[in-house]
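Chemist: In numbering that gives the first Met the number 0, the protein residues as written are 0 to 80.
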Amino acid sequence: MTHVFNLTEEEGQLSSLVDRAVSGEEVVITRHGQALAKLVPMPSVNKEPRKPSGLLKIEWIAPDFDDPLPPEILKQFGYDP
0 MTHVFNLTEE EGQLSSLVDR AVSGEEVVIT RHGQALAKLV PMPSVNKEPR KPSGLLKIEW
60 IAPDFDDPLP PEILKQFGYD P
């Protein structure tokens, strides 16, 4: 079921609206009767380690392949943690 909330009336209530979205409700935020945004729960993320598909004939993947990049490498890509 979709619940519609006016932006000016619900100002300061974002936390409760997010909680409603997480519980499975679809929340639509409007201003002057026009829909501006829809809050929906984020899909769950599969955190299983990736496995080679065999397409590139890769037989081995380093154990730290899925680890986050170190800050010095991230800076080379223009991301400053």
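Think of the CB as a built atom: it goes at the ideal place given N, C-alpha and C, for glycine as much as any other residue.
Compare the Cα-Cα distances from Pro42 to each of Ser22, Trp59, Lys56 and report the closest residue.
Modeler: Comparing C-alpha distances from Pro42 to each of Ser22, Trp59, Lys56 shows the shortest one belongs to Ser22.
Chemist: In whole angstroms, what is the alpha-carbon distance linking Pro40 and Lys50?
Modeler: 28 Å
Chemist: Since Asp65 contacts Pro48 with CB under 8 Å, what's their CB separation in whole angstroms?
Modeler: 6 Å
Chemist: Work out the CA separation of Lys46 and Glu25 for me, nearest whole Å.
Modeler: 26 Å
Chemist: Shortest alpha-carbon distance to His31 belongs to which of Pro70, Val3, Phe76, Ala61?
Modeler: Val3
Chemist: Please state the DSSP three-state secondary structure of Ile28.
Modeler: strand
Chemist: Give every residue of the same chain whose Cβ lies closer than 6 Å to the Cβ of Ile28, excluding the five residues on either side of it in the sequence, and list them in chain order.
Modeler: Phe4, Leu6, Leu35, Ala36
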